[in-house]
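Note sheet for the following structure.
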Amino acid sequence: MEEQSVGPFANPIEHGFANHDELVAKVKSIAGYQPLFEQAFGAGNTTIELIAKAIASFQRTLLSGNSAYDQFGIGGNEMALSANAQNGFRVFVGKGQCLRCHFGFNFTDERFHNLGVDWDNDHIDVGRYGVTKNPKDLGAFKTPTLREVARTAPYMHDGRFATLRQVVDFYDQGGIPNPHIDPVIKPLNLTDL
Ligand code: HEC
Numbered sequence: 132m133e134e135q136s137v138g139p140f141a142n143p144i145e146h147g148f149a150n151h152d153e154l155v156a157k158v159k160s161i162a163g164y165q166p167l168f169e170q171a172f173g174a175g176n177t178t179i180e181l182i183a184k185a186i187a188s189f190q191r192t193l194l195s196g197n198s199a200y201d202q203f204g205i206g207g208n209e210m211a212l213s214a215n216a217q218n219g220f221r222v223f224v225g226k227g228q229c230l231r232c233h234f235g236f237n238f239t240d241e242r243f244h245n246l247g248v249d250w251d252n253d254h255i256d257v258g259r260y261g262v263t264k265n266p267k268d269l270g271a272f273k274t275p276t277l278r279e280v281a282r283t284a285p286y287m288h289d290g291r292f293a294t295l296r297q298v299v300d301f302y303d304q305g306g307i308p309n310p311h312i313d314p315v316i317k318p319l320n321l322t323d324l
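This is the structure:
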């Protein structure tokens, strides 16, 4: 967790610091952090190890469970979801076919799929292919969890959608057609419901 929490800082397509020294210098230059670092870790230098520890410790406090959906689905409490939400759930498991990829406690099959995100612009992110070099993986990204999803806008790997409605519209139109799109992704005609 510590390693993962600082990795993205020095990744050119994420935070884009040249290296972790540059990140440490940046954190040191923000006056508000100094007393907080001292309070948490005692007096001493702000180091990459402590920044990693701070972020990972925060992440360990993020627990997601016992949501309205869990109370409804696992707890069997029919009152936990509004009629509207229950309609949405029926689409999710039915016509929407969302469950084909978003299933289990974290709503993910932990696999990689091409939905066509990015294939409408001129610099396609090759996604999983970058790791496997398998043409099957061109433009494929890992199915993300849907836990807490209402709080984690923007959506998709390039952050193109600001709202969940836009995500649903994207699926409704069948993603963005391209030679490698996952065969499950097809126009849904949800408005006919
Ligand atoms: C073929 C597998 C597949 C199906 C079917 C599918 N998804 Fe996804 N979903 C993914 C993948 C992969 C991504 C990430 C795509 C990307 O970033 O390029 C994703 C992203 C999302 C996101 C954005 C999450 C985030 O944090 O950015 C939401 C919300 C979502 N899906 C909801 C749905 C809904 C609702 C349905 C049904 C209408 C659905 N998905 C059907 C695989 C699927």
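Residues in the sequence shown are numbered consecutively from 132, following our numbering. The C-beta atom is built at its ideal place from N, Cα and C for all residues, glycine as well.
Next on the checklist: Please list the terminal residues of the continuous alpha helix (DSSP H) segment that includes D201.
Outcome noted: 199 to 204
Checklist entry - Whole-angstrom Cβ separation of V315 and Q202, contact assumed at under 8 angstroms? => result The distance from the Cβ of V315 to that of Q202 is about 29 angstroms, inconsistent with a contact at the 8 angstroms cut-off.
Item to check | Which residues DSSP lists as bridging K273, in chain order | outcome: F243
Item to check | Environment of I161 [buried if 16+ CB atoms lie within 10 Å] | outcome: exposed
Next on the checklist: Measuring straight from C-alpha to C-alpha, what distance separates E180 and P308?
Outcome noted: 44 angstroms
Checklist entry - What's the C-alpha gap between Q297 and F172? => result 43 angstroms
Item to check | Residue range of the unbroken alpha helix (DSSP H) whose run includes R291 | outcome: Counting along the chain, R291 falls outside any alpha helix (DSSP H), and DSSP gives it neither H nor E.
Checklist entry - Nearest to G261 by CA position, among D253, N252, D251, K273, is which residue? => result K273
Item to check | Contact check, I312 vs G258, beta carbons under 8 angstroms | outcome: Contact: no.
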